[in-house]
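Numbering (this note's numbering), first residue to last: 2 to 229.
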């Protein structure tokens with residue numbers, strides 16, 4: 002059952018509010034709108050890029066009926082704390098994977114995890130994702146330190162010129178998506194949009210290709226100064 006079906010079967014109705022992540026794909030918020038309910042955007046945790054339970058609590062109003070937590074880039078959301086927040090306020094809590102997520106078989110996941118561990122141990126020019134249990138690295142997303150979007154984008158262009166097929170995983174906060182616009186500013190979401198970059202960890206990448214990618218990142222990383 003998809004997000005719409007889960008929310009509908011749980012009794013979410015037109016006019017209800019549903020807390021959703023501000024960072025990521027718009028499909029979850031669009032599913033809420035499809036029910037006639039109102040998506041309320043909450044900020045994300047700086048490390049996991051998933052919903053911050055404290056931000057969820059701040060977003061709750063008397064009209065809030067549910068929370069949808071999305072496992073981002075293969076990293077599980079902190080469902081223990083989010084469910085505790087849901088119990089405190091009497092909310093339905095739904096856990097969802099990103100639409101279109103690449104959930105490989107066990108061998109494929111293990112190969113991605115091995116490649117992520119290799120990069121975690123060698124990358125110095127970027128901030129690597131925290132290694133946590135259950136992370137399947139559907140995308141290997143790093144942060145490029147600097148003073149905002151131009152630094153990350155220049156870094157990405159330089160990597161591509163060296164043959165590294167990187168991409169920006171989220172182009173804008175969901176609250177700036179057409180049809181979902183809200184007059185809000187969520188600092189961790191804004192920072193994540195400006196700094197995140199996905200590097201390839203395909204299961205068919207060779208150790209030589211990984212070594213080349215790490216060298217390219219490390220050589221460029223020294224050109225960027227962390228924001229003060």
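Cβ coordinates follow ideal geometry from the N, Cα and C atoms, glycine included.
Query	Result
Three-state secondary structure assigned by DSSP to residue 92	coil
Cut-off 7 angstroms between Cβ atoms - residues of its own chain near residue 5, not counting five sequence neighbours on either side	32, 35, 36
Assigned exposure category for residue 142 - 16 Cβ within 10 Å defines buried	buried
C-beta atoms of residue 198 and residue 119 nearer than 9 angstroms	no
6 angstroms Cβ shell around residue 102 - same chain, five flanking residues per side excluded	139
Cβ-Cβ distance between residue 38 and residue 95 below 9 angstroms	no
Three-state secondary structure assigned by DSSP to residue 18	strand
Closest by C-alpha distance to residue 69, when choosing among 190, 63, 79	79
Residue 219 beta carbon less than 9 angstroms from that of residue 122	no
Bridge-paired residues (DSSP) for residue 40	19
Inter-stretch contact at 8 angstroms, needing at least 3 Cβ pairs: the segment 51-71 / the segment 80-92	yes
Residue 59, buried or exposed, once every other Cβ within 10 Å from all chains shown has been counted against 16	exposed
DSSP beta-bridge partners of residue 98	72
Residues near residue 176 in its chain [Cβ-Cβ closer than 7 angstroms; skip 5 each side]	23, 42, 182, 183, 185
Same chain, Cβ closer than 6 angstroms to residue 74, neighbours up to 5 away in sequence not counted	139, 140, 142
For residue 200, the residue or residues it bridges with in DSSP	141
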